[in-house]
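Asker:
Residue numbers (the working numbering), protein chains in the order written: chain A, 1 to 343; chain B, 344 to 686.
Structure (structure tokens):
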């Protein structure tokens with residue numbers, strides 16, 4: 001008997017020659033799907049939903065039933081880490097996350113020991129989803145980037161992060177300590193996800209934008225490098241996809257110094273930049289505009305073809321440059337996945 | 344008798360060797376100054392203020408009395424063009440601009456003939472400010488980038504421009520025609536400003552971010568190139584500073600193809616990118632973080648020194664990466680200007 005086929009995503013991440021780019025979409029599980037909205041209604045508050053392995057595994061698998069995606073990503077939230085560390089987190093309907101007062105660093109630090117137990121349900125979600133998923137499809141675990149998570153912890157909510165960026169200037173020691181604490185938490189959490197069955201790990205640094213070069217190095221590139229280094233030191237060998245959204249021209253430095261195996265590119269990434277990263281032995285992922293996915297039409301087809309043409313020869317994972325927008329027509333997602341997979 | 348000294352800004356823009364980088368700040372005229380706030384109270388609505396040459400010249404000159412800036416920029420607003428073309432524009436206190444329904448393209452096009460007369464007060468502001476300004480200091484005229492202005496005209500207000508970007512995908516012909524109309528309006532308006540005494544011209548493309556490469560080329564780089572080309576064809580020889588804020592890694596393509604003499608860099612621009620542009624014969628301008636200017640302290644001094652060190656040998660205009668934040672302490676501005684000018 002032959003071994004089961006290796007998931008295309010993992011081959012691409014390993015830099016192997018693949019018959020076509022694998023495809024998955026950030027936020028492929030979520031409000032764009034009617035079955036998700038039905039599940040969400042039964043699930044109670046959002047945090048309880050994320051920490052219920054049965055429901056979260058179901059949300060993880062829903063898009064895999066509908067679309068020929070090559071990878072699933074565990075249904076969870078980047079703010080589970082502050083929650084596990086002892087900062088209150090809740091979601092206001094239609095307004096996004098809210099966080100309670102930030103505990104002292106020492107209190108948060110004491111919370112590190114509790115990460116594995118408090119986030120054990122995410123491990124159970126991963127185990128359940130992995131067991132249900134065909135062996136040809138990969139399962140991705142993830143964490144929010146330390147800086148991005150820190151901005152929420154510092155500001156208590158989403159926004160323009162001017163408060164957090166100001167603090168990075170005004171109180172660099174405190175911000176650096178918080179980011180380092182989140183590096184440690186991320187390592188514990190990602191290692192647990194890997195043990196539970198995650199086959200690749202993504203760092204979502206959603207707010208990498210608007211940082212001057214020195215801050216970007218200090219708050220994004222170096223912390224990601226520490227995460228990758230420590231995972232390897234612990235024997236965690238899963239490939240890491242780093243996604244510094246909005247990093248602009250700083251992506252090149254990030255790719256060279258972060259130690260990740262693949263770089264997620266946002267909608268703005270030039271073709272030449274992606275090819276440069278590929279030539280340096282990195283896989284790239286992205287960068288279809290979710291607005292164009294929502295608009296659809298011939299322009300969407302043309303852009304899909306262009307992305308496949310410009311990057312398809314190197315290690316390339318077809319994806320969006322940001323998450324699926326909730327009211328995106330399902331037919332547009334189907335159409336793009338068919339175009340990429342040739343199915 | 345010797346000729347009066349050439350303004351340092353113009354020497355830097357011409358690529359000449361200068362004893363130190365010239366310095367000015369975007370939004371140096373405005374709410375960070377108490378004398379501006381006093382003037383603003385007397386001025387009535389914001390549009391009337393911009394179109395009152397006496398008051399607008401006073402606002403232009405206020406920062407020049409307080410600080411040793413090497414250049415003044417005419418006090419005006421990027422939304423004067425839609426106003427002149429016949430779309431209603433007003434400012435809600437504390438909320439920013441609002442625009443009335445967008446007239447048909449044909450109606451807007453008919454408005455082109457009225458640009459020079461309707462915006463004649465800006466020419467008078469420039470003439471008055473130029474007459475009052477020492478000859479060693481330059482006066483800058485400006486226009487909003489066609490795409491940025493189009494986003495306001497399409498959406499009726501500021502925001503995340505998702506509506507305008509979606510339209511660029513969904514109705515490219517209409518958006519292209521609107522942008523081309525704004526290119527024509529910009530050329531007429533900038534030529535008028537140059538005749539009135541503006542010695543350099545800046546294009547503020549404030550919303551260059553989040554555009555995929557093909558849209559960026561179509562909506563930002565190519566329109567800027569058409570503006571520069573047509574100005575030159577009309578005999579307008581003033582140097583043009585293009586500021587595609589948020590263009591990230593696309594700045595390199597912009598610099599190569601837009602035809603501008605200087606590129607404004609935002610807070611994120613890596614040192615290496617700026618040096619590359621300088622080595623290609625372009626002047627660069629920016630990129631101090633206005634948040635750091637507001638925070639102040641030793642970190643501000645260090646960053647000023649770093650910018651002078653990394654870019655000061657090439658043609659470099661010291662500036663911010665975005666506008667002065669209204670509650671920035673005046674002492675911080677003074678301190679930076681002294682540090683750059685050595686005065």
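We put the beta carbon where it would ideally sit given N, CA and C, even for glycine.
Small disclaimer: the values here were computed from a predicted structure and weren't measured.
1) From which residue to which residue does the beta strand (DSSP E) around residue 244/A run?
2) Near residue 179/A, what residues of its chain come up, given a Cβ to Cβ distance below 7 Å and the 5 sequence neighbours on each side ignored?
3) Would you call residue 280/A buried or exposed, if buried means 16 or more other Cβ atoms sit within 10 Å of its Cβ?
4) Of the residues 29/A, 328/A, 306/A, 327/A, which one's Cα is nearest the Cα of residue 318/A?
5) Between the alpha carbons of residue 123/A and residue 240/A, how many angstroms are there, rounded?
6) According to DSSP, what are the bridge partners of residue 72/A?
7) Along the beta strand (DSSP E) that carries residue 204/A, what are the first and last residues, could you check?
8) Suppose you measure from the CA of residue 510/B to the CA of residue 374/B; what does that come to, to the nearest Å?
9) Using a C-beta cutoff of 8 Å, does residue 354/A count as contacting chain B?
10) Counting contacts by CB-CB distance shorter than 8 Å, is residue 165/A in contact with chain B?
11) Could you give the residue range of the alpha helix (DSSP H) that holds residue 320/A?
12) Return no unless some Cβ of chain B is closer than 8 Å to the Cβ of residue 176/A.
13) For a cutoff of 8 Å on Cβ pairs, would you count residue 512/B as touching chain A?
14) Interface residues of chain A around residue 592/B at Cβ under 9 Å?
15) Of all the residues that make up the stretch 280-299 of chain A, which are near chain B by a beta-carbon distance shorter than 9 Å?
16) For residue 434/B, name the three-state secondary structure that DSSP assigns.
17) Does any CB atom of chain B fall closer than 8 Å to the CB of residue 61/A?
18) Beta carbon of residue 293/A, beta carbon of residue 320/A: below 8 Å?
19) Which ranges does the alpha helix (DSSP H) cover as unbroken runs of at least 4 residues, wholly within the stretch 349-377 of chain B, from first to last along the chain?
20) Taking any Cβ of chain B, which residues in the stretch 138-164 of chain A have a Cβ under 9 Å from it, in chain order?
21) Mind checking whether residue 238/A and residue 198/A have CB atoms under 8 Å apart?
22) With a floor of 3 residues, list each beta strand (DSSP E) that falls wholly inside the stretch 554-605 of chain B, ordered by position along the chain.
23) Give me the Cα-Cα distance between residue 189/A and residue 379/B, rounded to the nearest whole angstrom.
24) So, is residue 633/B buried or exposed, given that buried needs 16 or more other C-beta atoms within 10 angstroms?
25) Compare the C-beta of residue 554/B against all C-beta atoms of chain A and say whether one is closer than 8 Å.
26) With DSSP as the reference, identify every bridge partner of residue 288/A, one or two as the case may be.
27) Residue 274/A: which of 128/A, 234/A, 162/A, 316/A sits nearest, CA to CA?
28) What is the residue span of the beta strand (DSSP E) that residue 96/A lies within?
29) If contact is defined by three or more beta carbon pairs under 8 Å, each pair taking one atom from either stretch, is the stretch 94-106 of chain A in contact with the stretch 379-389 of chain B?
30) Got a sec? Which residues, its chain only, sit under 8 Å from residue 344/A by beta carbon, not counting five neighbours each side?
31) With a Cβ-Cβ cutoff of 8 Å, do residue 643/B and residue 683/B count as a contact?
32) Along the chain, where does the alpha helix (DSSP H) that runs through residue 115/A open and close?
Answerer: To lay it out plainly:
1) Translated into the one-based positions of the first chain, residue 244/A becomes position 244. That run of the beta strand (DSSP E) goes 240-244.
2) On the first chain, residue 179/A is found 179 positions in, with the first residue counted as 1. Answer for residue 179/A: 146, 147, 150, 219, 223, listed in chain order.
3) To locate residue 280/A, count along the first chain from 1; it is residue 280. When all chains shown are included, residue 280/A counts as exposed.
4) What you label residue 318/A is simply residue 318 of the first chain in a count that begins at 1. Measuring from the Cα of residue 318/A, the nearest candidate turns out to be 306/A.
5) Counted from its first residue, the first chain places residue 123/A at position 123. Counted from its first residue, the first chain places residue 240/A at position 240. Cα-Cα distance, rounded: 18 Å.
6) To locate residue 72/A, count along the first chain from 1; it is residue 72. DSSP output for residue 72/A lists 139/A as bridge partner(s).
7) Residue numbering aside, residue 204/A sits at position 204 when the first chain is read from its first letter. Taken as a continuous stretch (DSSP letters only), the beta strand (DSSP E) holding residue 204/A covers 200-205.
8) Here the question's residue 510/B lines up with position 167 in the second chain. Here the question's residue 374/B lines up with position 31 in the second chain. Going by the C-alpha atoms only, they are around 34 Å apart.
9) For residue 354/A there is no data in the structure shown, the boundaries of chain A being 1 and 343.
10) Reading the first chain from its first residue, position 165 is the one you call residue 165/A. Flagged as an interface residue toward chain B: residue 165/A, by a C-beta distance shorter than 8 Å.
11) On the first chain, position 320 is the one that residue 320/A refers to. First-last for residue 320/A: 316-320, but that is the beta strand (DSSP E), not the alpha helix (DSSP H).
12) Residue mapping note: residue 176/A aligns to position 176 of the first chain, counting from 1. Not an interface residue.
13) Working through the second chain from its first residue, we reach residue 512/B at position 169. It does; some Cβ of chain A falls within 8 Å.
14) Mapped onto the second chain, residue 592/B falls at position 249. Near residue 592/B (Cβ distances below 9 Å), the residues of chain A are 247, 248, 249, 250, 251, 252, 268, 269, 270, 272, 273.
15) Under the 9 Å Cβ criterion, the stretch 280-299 of chain A contributes 287, 288, 289, 291, 292, 294, 295, 296, 297, 299.
16) Sequence index remark: in the second chain, residue 434/B carries index 91 (1-based). Here residue 434/B carries a strand assignment [DSSP, helix/strand/coil].
17) On the first chain, residue 61/A is found 61 positions in, with the first residue counted as 1. By this cut-off, residue 61/A is not an interface position.
18) Counting from 1 along the first chain, the entry for residue 293/A is found at position 293. Counting from 1 along the first chain, the entry for residue 320/A is found at position 320. Going by C-beta atoms, residue 293/A is nearer than 8 Å to residue 320/A.
19) 351-356
20) 162
21) The residue given as residue 238/A occupies position 238 in the first chain. The residue given as residue 198/A occupies position 198 in the first chain. Result yes, Cβ atoms of residue 238/A and residue 198/A sit closer than 8 Å.
22) 583-587
23) Residue mapping note: residue 189/A aligns to position 189 of the first chain, counting from 1. Residue mapping note: residue 379/B aligns to position 36 of the second chain, counting from 1. The alpha-carbon atoms of residue 189/A and residue 379/B are separated by roughly 52 Å.
24) Taking the second chain and counting its residues from 1, the one referred to as residue 633/B is at position 290. Its Cβ being crowded by 16 or more others within 10 Å, residue 633/B is buried.
25) Your numbering for residue 554/B matches position 211 in the second chain. With 8 Å as the cut-off, residue 554/B counts as an interface residue toward chain A.
26) As a first step, residue 288/A is located in the first chain; it is residue number 288 there, counting from the start. Answer is 320/A, bridged to residue 288/A.
27) Residue mapping note: residue 274/A aligns to position 274 of the first chain, counting from 1. Per the Cα distances, 316/A.
28) On the first chain, residue 96/A is found 96 positions in, with the first residue counted as 1. Run containing residue 96/A: 96-99, per the beta strand (DSSP E) assignment.
29) no
30) Absent from the structure is residue 344/A, since the part of chain A shown begins at 1 and ends at 343.
31) Residue mapping note: residue 643/B aligns to position 300 of the second chain, counting from 1. Residue mapping note: residue 683/B aligns to position 340 of the second chain, counting from 1. Going by C-beta atoms, residue 643/B is not nearer than 8 Å to residue 683/B.
32) Sequence index remark: in the first chain, residue 115/A carries index 115 (1-based). Element bounds for residue 115/A: 115-118.
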